[in-house]
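What follows is a short report on a single structure.
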Amino acid sequence: MSLHATNLTLGYSGRPVVRDLSFSFDLRQSIAIIGPNGCGKSTLLRGLLGLLPPLSGSIELDGKAIGKWNARALARRIAFLPQSPVAPEGLTVRQIVEHGRFAHQSLWAPQTKEDRRIVGEALARTGLSHLADRQFSTLSGGERQRGWIALALAQRADAVFFDEPTTFLDLGHQLDIMDLLRRLNLDHDIGILMVLHDVNHAACYADRVVALHSGRLIADGNGPEVITAGLMADLFGVRTEIQMLEAGGRRYPHCIPLGPENHAGNSAERPQ
Amino acid sequence: MKAFRPGTPHWPGGRIGGTVLFGIGICAGCSLFLLSFGSMFASFGRLPSALFGNAETSDAAFVVQQLRLPRVLMGLLVGAALGTAGAMMQAITRNPLGDPSLTGVTGGAAAAVVFAFVLVGAPVGTLLIWGTFGGMAGATVTFALARQTNYSPVHLTLAGMAVSLFCFALIQSFMLANSQSLNSTYFWLIGNLANRTWRDVSLVWPLVAGGLVAGIVFANHLNILMFDEDNARARGLAVARWRLFFGMVSVILTAGCVATCGPISFVGLVAPHIARQALGTHRAAADHRILLPVAALLGAAIMSLTDTIAVSRLLGSEVPTGLLSIVVGGVAFLVLFKRKSL
Amino acid sequence: MSARDDADAQIGDQLRFAVTTAVLISCAIALIVLSQGFGAASASFADLWVVLTRDEALTPAQQVIADIRLPRALLGAVVGVHFAIAGLIMQSLLRNPLADPGVLGVSSGASLAVVISILVANTLWADPERFELVYFPSASIPFIALVGGLCSAALVLWMSWDRGLNPQRMALAGVVTGTIINALILVVIVGFGAGRAEMAILWLAGTLFGRGYENLQAMLGWTMAALFILPALARPLSLLRFGEDFARTMGLPVGIWRVVAALVAIGLTASAVSAAGPIGFVGLVVPHIARLLIGGNMAHLIVVSALVGLILTVGTDLVGRALFVPLEIPVGIITSLIGVPVFLVILQRNLWRLS
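Chains as they are written, first to last, in the numbering used here: chain A, 1 to 272; chain B, 273 to 614; chain C, 615 to 969.
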């Protein structure tokens, strides 16, 4: 299952935000998109989901233009978790997760046993079984994010796209969520495409990292290839120190920011 | 509002003069029409003799002096009162949607007046007092609700509209509870200038005069209130006290109109905006010494124009002025709302 | 928690829904029966039984029930269901807890269309010899109202559109549009037949007074259509509450379902308005009560909202008749007196979410 973009230009009301991108994503992998604020990451994600028709160029999922997919069929292939989803009032965690089954249900038919089994499984995989019948609004931030991921899992799509899945979470929950996504990818063969703010999360958890700057693709490869001091300077205008770390038999770069490129600390002497 | 310094007059006199002449022209033209035409007799030529003739001997003189003249004057006075009240409301809330009918004042006053008149049987002379208290109550509730968002225009207006919807539902139940007065109260309820008497005029003109004088004398305070609160306080203004003062003035002005002519909506919103557009330049439009009287004048012009349309039977039979003011003013509100992206 | 506990909790949810529904249905039946015994002419429950079961010569009291009170109660029930479900759909569709057919100006637009249609019918066909109003065929009135409702809904959406829909702006534009249209209705009424102030005020307030089986019939087709569509609409409506992008990626063709949902809501409103006038705030209040009773499950909400709407309308009609006998307060006035404070409470509690 792959997603092809050819000379893709995306934007709002005729003004391009993302320009002339061509790439091919293998959606079984775990892929991260990084870049500074306003570089067009989220716009690209919306385009890849078929939510934003291209201004020019094309996006194809399995050889068929993304706009030609009907919503139901597409939802069985790709699920999506927006950056800050809002839950309707008065629903339990299970009821929220059940919405993920929509693409598999027929309109007048009631919920099936199969639906119930899959929802239970999604809750179990995200470690929420014990909270299933709690009101969603009473959950903590980290638990809520797990709930949303369970919703995406209940959709039984081949791949899940995330728009900054760790914003608004503390450090512990950030790593917890990233770890969960990694396990879903490795153990359950669910493809992951995520827009990430934190370069180190991308380096540590993604098979492939794509860097966007001012709407253009400026680097594409695995972690060690992309996360370099030079690229960090280009992307964010910061000086960094890159260290190679190792965990679970995998070597990945870790980036330590030192300061802006023209930081006052650059010159050893105090200005007179 | 950065370059504005109160007390340094630098207005293009021509623009102000033009606006004033325009307002006076409309008022005069409409008044002449309203005095001359009606179901009884219609002629410009006989107007002078009817106007100055003996009302006891001449029917024409009676009609003009006792029926039409009070109506015309009431239109002008009510328009002026609402224009002034609206301009003050807009200044103290720093809200372009400020208007007595959009902040619960008109609704509260109307509910209190109907309650007093229909259920208590209060004498007509005390209705102004009832109206004032009702208007204060309506405004208090509205402002208390909007406090939470620091009086954001949309929230304030939404709360005000809700308060007036509630008041009008109350009024309807008061009226149905005493069905004898249903028809007369009903025509009062939709805002009406017909059948006004000299007594109404004598009740309203001191209010309008007092309100305008108070507004112009203390215009500098209004000017400073247009700044944000801290800035105004830094200029040594007791912000809360002056807000209350101008709020009271506009409530009393509105109550006077409601007690005599019924609730008339949106005029207070529209008049100051037209005044600002007409005055154009930043300074004159932001200086309430100029803005208040011009808003009053244009309010009077709007009311007399609306009344002329109502009387002229362009729409079949004679339509209550209050209804037309809602349609005209409401559309102006929507245009403003759409354009300003509030 | 074991799988068994899971199942228990789910059963708990179903049980709560079942019990609530049962209680509400009993309340509804009790209210309708109660309303038959109430009014200027006294009638006993035995009379009601006769009317319902036997097809024979009726006593005057039985006649009152058969011709006046029963159709009135049934009409109130159906109108309540219509407004409540319309309100629920609008709140979910627009993700706006303040939405309601009245607040958004849909009811007023529908009313204006009906009033204008009466005016047109009378200028075309009225017999000048007789002082009597002529109407379009009653089955066509809901369609006329639908056109009016669609126009005012479109106007309000356009007015409040400002790089997206802000719930507060929408409510404000709707309330003002409603006020203007109500004034226009009065202009039309006064302009073409002065002296009908009483009828005008009664109609504008929304009343069940003096309506019969004919109004009920004109509306029932719409009720049936809605009952058929609603089971299929429940899940899409529930998804729409999550927002456009999210709903689409969960597999919902958002554009189509938005149009379907809006048409159902406006159709329900228009048919109810053409039968009973704009009864305000039922659609606003009821979904919030239903949510307090059984939570946010959309299928449950639809059922419970319909029942609560029925009870609220029949109940307020009964109160309006009972309060100042022999005077009658129209339902719409009482629902406004209840509804506005509720509106303000919802507004204040959701401020952070609305702006």
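Where a beta carbon is used, it is the ideal one built from N, C-alpha and C, also for glycine.
Rounded C-alpha distance that separates residue 71 of chain A from residue 850 of chain C: Answer to the nearest angstrom: the Cα atoms are 12 Å apart.
Of all the options A:17, A:149, A:215 and A:201, which has the alpha carbon lying nearest to the alpha carbon of residue 222 of chain A? The shortest C-alpha separation from residue 222 of chain A is found at A:201.
One question on the structure: do residue 551 of chain B and residue 562 of chain B come within less than 8 Å of each other, judged by their Cβ atoms? With respect to residue 562 of chain B, residue 551 of chain B sits close: the two C-beta atoms are nearer than 8 Å.
Cβ of residue 962 of chain C within 8 Å of any chain B Cβ: Closer than 8 Å to some Cβ of chain B, the Cβ of residue 962 of chain C qualifies, so yes.
Taking 8 Å as the threshold (C-beta atoms), are residue 258 of chain A and residue 273 of chain A in contact? This structure cannot settle anything about residue 273 of chain A, because the visible part of chain A is limited to 1 through 272.
Between A:44, A:51 and A:41, which lies nearest to residue 863 of chain C when the distance is taken from Cα to Cα? Restricting attention to A:44, A:51 and A:41, the CA atom closest to the CA of residue 863 of chain C is found in A:51.
Quick one: is residue 710 of chain C near chain A, going by C-beta distance under 8 Å? Residue contact check for residue 710 of chain C against chain A: no CB pair falls below 8 Å.
Bridge partners for residue 64 of chain A per DSSP, in chain order? Looking at the DSSP output, residue 64 of chain A sits in a beta bridge with A:61.
Using the beta-carbon of each residue, which ones in chain B are nearer than 7 Å to residue 783 of chain C? What residue 783 of chain C touches in chain B: 426.
Mind checking whether residue 523 of chain B and residue 447 of chain B have CB atoms under 8 Å apart? For residue 523 of chain B and residue 447 of chain B, no; Cβs fall outside 8 Å.
By how many angstroms is the C-alpha of residue 509 of chain B removed from the C-alpha of residue 501 of chain B? Their Cα atoms are separated by approximately 9 Å.
Could you tell me whether any Cβ in chain C is nearer than 8 Å to the Cβ of residue 523 of chain B? No, no contact with chain C.
Between residue 538 of chain B and residue 601 of chain B, is the Cβ-Cβ spacing less than 8 Å? Less than 8 Å divides the Cβ of residue 538 of chain B from the Cβ of residue 601 of chain B.
Measuring CA to CA, which of A:98, A:208 and A:185 is closest to residue 110 of chain A? Among A:98, A:208 and A:185, the Cα nearest to that of residue 110 of chain A is on A:98.
What are the boundary residues of the beta strand (DSSP E) that residue 191 of chain A is part of? Note, residue 191 of chain A: beta strand (DSSP E), 191 to 195.
So residue 243 of chain A is in the beta strand (DSSP E); what residue range does that whole segment cover? Per DSSP, the unbroken beta strand (DSSP E) holding residue 243 of chain A starts and ends at 238 to 247.
Of the residues B:333, B:608 and B:336, the one placed nearest residue 542 of chain B, counting alpha carbons only: Per the Cα distances, B:608.
Hey, is the region 373 to 381 of chain B in contact with the region 409 to 422 of chain B, meaning 3+ C-beta pairs nearer than 8 Å? Yes, they touch.
Work out the CA separation of residue 943 of chain C and residue 937 of chain C for me, nearest whole Å. Residue 937 of chain C and residue 943 of chain C: Cα-Cα distance of roughly 8 Å.
According to the Cβ coordinates, are residue 47 of chain A and residue 18 of chain A closer than 8 Å? Their beta carbons are under 8 Å apart, which means residue 47 of chain A touches residue 18 of chain A by this criterion.
Closest by C-alpha distance to residue 302 of chain B, when choosing among B:559, B:592 and B:584: Of the listed residues, the one whose Cα sits closest to residue 302 of chain B is B:584.
Beta-carbon spacing of residue 209 of chain A, residue 226 of chain A below 8 Å: A contact, by the Cβ cut-off of 8 Å.
Go through its chain and collect everything with a Cβ distance to residue 433 of chain B's Cβ below 8 Å, but skip five positions before and after it. Counting only Cβ-Cβ distances below 8 Å, and skipping sequence neighbours, we find 374.
Stretch-stretch touch, CB-based, cutoff 8 Å, three pairs: the region 68 to 88 of chain A with the region 853 to 861 of chain C: Yes, since at least three Cβ pairs between the region 68 to 88 of chain A and the region 853 to 861 of chain C fall closer than 8 Å, the two stretches touch.
Does the beta-carbon of residue 914 of chain C have 16 or more other beta-carbons within 10 angstroms, so that it is buried, or is it exposed? By the neighbour-count criterion, in which 16 or more other beta carbons inside 10 Å mark a residue as buried, residue 914 of chain C falls on the buried side.
With a threshold of 8 Å between beta carbons, is residue 290 of chain A in contact with chain C? An answer regarding residue 290 of chain A cannot be provided, because it is not within the stretch 1 to 272 covered by chain A.
Can you give the Cα-Cα distance for residue 176 of chain A and residue 779 of chain C, rounded to whole angstroms? So the two alpha carbons sit approximately 36 Å from each other.
Taking the C-alpha atoms as reference points, what is the distance between residue 136 of chain A and residue 642 of chain C? In a straight line, the C-alpha of residue 136 of chain A is about 32 Å away from that of residue 642 of chain C.
For residue 808 of chain C and chain A, any beta-carbon pair shorter than 8 Å? Since pLDDT at residue 808 of chain C reaches only 48, below the 50 mark, its modelled position is unreliable, and the value read off the structure follows with that caveat. By this cut-off, residue 808 of chain C is not an interface position.
Tell me the rounded alpha-carbon separation between residue 672 of chain C and residue 690 of chain C. Looking at the two C-alpha atoms, the distance is approximately 24 Å.
According to DSSP, is residue 928 of chain C part of a helix, a strand, or is it coil? Helix.
Among C:920, C:775, C:892 and C:966, the one whose alpha carbon lies nearest that of residue 722 of chain C: Taking the Cα of residue 722 of chain C as reference, the smallest distance to any Cα among C:920, C:775, C:892 and C:966 is reached at C:892.
At the 8 Å Cβ level, is residue 72 of chain A part of the contact set with chain C, yes or no? Yes, residue 72 of chain A lies at the interface with chain C (some Cβ there is under 8 Å from its Cβ).
Got a sec? Which residues, its chain only, sit under 7 Å from residue 82 of chain A by beta carbon, not counting five neighbours each side? Closer than 7 Å at Cβ, skipping near neighbours: 163.
Suppose you measure from the CA of residue 56 of chain A to the CA of residue 788 of chain C; what does that come to, to the nearest Å? Per the coordinates, the alpha-carbon of residue 56 of chain A lies some 39 Å from the alpha-carbon of residue 788 of chain C.
Would you mind stating whether residue 957 of chain C and residue 898 of chain C have Cβ atoms separated by less than 8 Å? Taking 8 Å as the Cβ cut-off, residue 957 of chain C and residue 898 of chain C qualify as a contacting pair.
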